[in-house]
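A.B. asks: Heads up: the sequence lines are chains S and P, in that order.
Under this note's numbering, the first residue of the first sequence is numbered 1, with each subsequent residue one higher.
Under this note's numbering, the first residue of the second sequence is numbered 117, with each subsequent residue one higher.
From the three backbone atoms N, C-alpha and C, an ideal C-beta is built for every residue, glycine too.
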Amino acid sequence: GAGVSQSPSNKVTEKGKDVELRCDPISGHTALYWYRQSLGQGLEFLIYFQGNSAPDKSGLPSDRFSAERTGGSVSTLTIQRTQQEDSAVYLCASSLPTLSGNTEAFFGQGTRLTVV
Amino acid sequence: GQQLNQSPQSMFIQEGEDVSMNCTSSSIFNTWLWYKQDPGEGPVLLIALYKAGELTSNGRLTAQFGITRKDSFLNISASIPSDVGIYFCAGQGNHGSGNTGKLIFGQGTTLQVKP
């Protein structure tokens, strides 16, 4: 597609339920990032996929959070047993790093998650 | 771990004034990116910097990649009301040496412009 696409754009869920957030990166982009942004805050790194390398999961806040990227394209971020503090905007970005490692990451519009 | 310190946290300026914000890092980066985020939107890339000392302009925006590779600044000249938003710096280090090359963001600078 022309840009990074995230779905749903908004999600309201009850505490304790599981949610899945989807990211469709720009076609051909090998790197994919997930970030979390709480209201009025900066971007908190969650996880980074780069090609066939093992993902960098160092930002995942707990074992309730997981992400996968199937076929090197679409990614799904799963939050199990959601808590109210999980409420935030979840942003996905993709990039096409060059051989020298340079990159320009482009963001989707985000998924606003509200846990009630 | 890698950290970025962005300042100032917020700015309230008069239309027409110039603006400057900067980011410093605890470690060396190979890439510096500057983004702008409007309410309810994802961040939009403004300027990308790939070389130490590089100075790049995009319209009224100018950004520089510090010589030490640990800092970058963004200047906005002759501000206008539509410059309002949150500006983020982001840095990416080398792959290897325990670093995966992920993109790290500063805390953001909130800019308000008074007409």
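Going by DSSP, what residues sit across from Lys230(P) in a beta bridge?
C.D. replies: Taking the first residue of the second sequence as position 1, residue 230(P) is located at position 114. Its beta-bridge partners are Gln130(P).
A.B. asks: For the stretch 164-209 of chain P, list the beta strand (DSSP E) runs that are entirely contained and at least 3 residues long, ordered along the chain.
C.D. replies: Listed in chain order, they are 171-174, 177-181, 187-192, 201-208.
A.B. asks: Is there at least one Cβ from chain S nearer than 9 Å to Gln208(P)'s Cβ?
C.D. replies: What you label residue 208(P) is simply residue 92 of the second sequence in a count that begins at 1. With 9 Å as the cut-off, Gln208(P) counts as an interface residue toward chain S.
A.B. asks: Residues of chain P with a CB under 9 Å from the CB of Tyr33(S): which are they?
C.D. replies: Looking up residue 33(S) in the first sequence gives position 33. Going along chain P in sequence order, the residues near Tyr33(S) (Cβ under 9 Å) are Lys218, Leu219.
A.B. asks: Looking at chain S, which residues of the stretch 151-167 of chain P have a Cβ within less than 7 Å of any of its Cβ atoms?
C.D. replies: Listed by position along the chain: Glu157, Gly158, Pro159, Leu161, Ala164, Tyr166.
A.B. asks: Leaving out five residues before and five after Gln180(P) in sequence, what residues of the same chain have Cβ atoms less than 6 Å from its Cβ?
C.D. replies: The residue labelled residue 180(P) in the question sits at position 64 within the second sequence. Cβ within range, chain order: Leu171, Phe189.
A.B. asks: Taking Cβ-Cβ distances shorter than 8 Å, what residues in chain S pair up with Gly222(P)?
C.D. replies: Counted from its first residue, the second sequence places residue 222(P) at position 106. Residues of chain S passing the Cβ test: Gly42.
A.B. asks: Would Thr76(S) pass as a contact of Thr70(S) if the rule is Cβ separation under 9 Å?
C.D. replies: For the purposes of this step, residue 76(S) is taken as residue 76 along the first sequence, with counting starting at 1. For the purposes of this step, residue 70(S) is taken as residue 70 along the first sequence, with counting starting at 1. Cβ atoms of Thr76(S) and Thr70(S): closer than 9 Å.
A.B. asks: Which residues share a DSSP beta bridge with Val89(S)?
C.D. replies: Stepping through the first sequence from its first residue, residue 89(S) is reached at position 89. Gln37(S), Arg112(S).
A.B. asks: Select from Ile144(P), Asp187(P), Pro197(P) the residue whose C-alpha is nearest the C-alpha of Trp150(P).
C.D. replies: Stepping through the second sequence from its first residue, residue 150(P) is reached at position 34. When only C-alpha atoms are compared, the closest one is Asp187(P).
A.B. asks: Kindly confirm or deny that the stretch 120-138 of chain P and the stretch 155-162 of chain P touch, where touching means at least three C-beta pairs closer than 8 Å.
C.D. replies: The stretch 120-138 of chain P is not in contact with the stretch 155-162 of chain P.
A.B. asks: DSSP state of Thr70(S), grouped into three classes?
C.D. replies: Working through the first sequence from its first residue, we reach residue 70(S) at position 70. Residue state, collapsed to three classes: helix.
A.B. asks: If we count the other Cβ atoms within 10 Å of its Cβ and call it buried at 16 or more, is Gln119(S) buried or exposed?
C.D. replies: Nothing about residue 119(S) can be reported from this structure: the residues present for chain S run from 1 to 116 only.
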